[in-house]
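A short worksheet on the structure shown next.
In this note's numbering, the protein residues as written are 6 to 82.
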């Protein structure tokens, strides 16, 4: 069963591909998306990763981890 993961406190420069790359070390990433502001087109500083496998391991490893200079908040969405 796939797991949807919330990833918060992302740097505004983070792309969806950056998220996919970071989480793919823990298992198969089905989808990775940084949430964008509709009006400005800029990142809102959070996103979601859907993982087919390795979701629990990714949450445990990435919550509180440093990523591109920021400390991530990662939990089940």
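All residues carry an ideal CB built from backbone N, CA and C; glycine is no exception.
Proximity to residue i [Cα-Cα], best of the options
{"i": "residue 66", "options": "29, 20, 35, 18", "result": "29"}
{"i": "residue 58", "options": "27, 11, 31", "result": "31"}
{"i": "residue 33", "options": "73, 82, 72, 60", "result": "60"}
{"i": "residue 72", "options": "9, 44, 26", "result": "26"}
Cutoff 8 Å; reference residue i; Cβ partners in own chain excluding five residues on either side
{"i": "residue 47", "result": "17, 41"}
Residues sharing a beta bridge with residue i, DSSP
{"i": "residue 51", "result": "13"}
{"i": "residue 80", "result": "11"}
{"i": "residue 41", "result": "48"}
Sequence-distant residues of the same chain with beta carbon closer than 7 Å to residue i, five excluded per side
{"i": "residue 14", "result": "50, 75, 76, 77, 78"}
{"i": "residue 39", "result": "15, 19, 20, 21, 24, 48, 52"}
Beta-carbon spacing of residue i, residue j below 8 Å
{"i": "residue 141", "j": "residue 55", "result": "The structure shown does not extend to residue 141, since the chain is modelled only from 6 to 82, so the question has no answer here."}
{"i": "residue 11", "j": "residue 80", "result": "yes"}
Proximal residues to residue i (C-beta, below 6 Å), its chain only, five neighbours per side dropped
{"i": "residue 70", "result": "77"}
Integer Cβ distance of residue i from residue j, believed to fall under 8 Å
{"i": "residue 82", "j": "residue 9", "result": "4 Å"}
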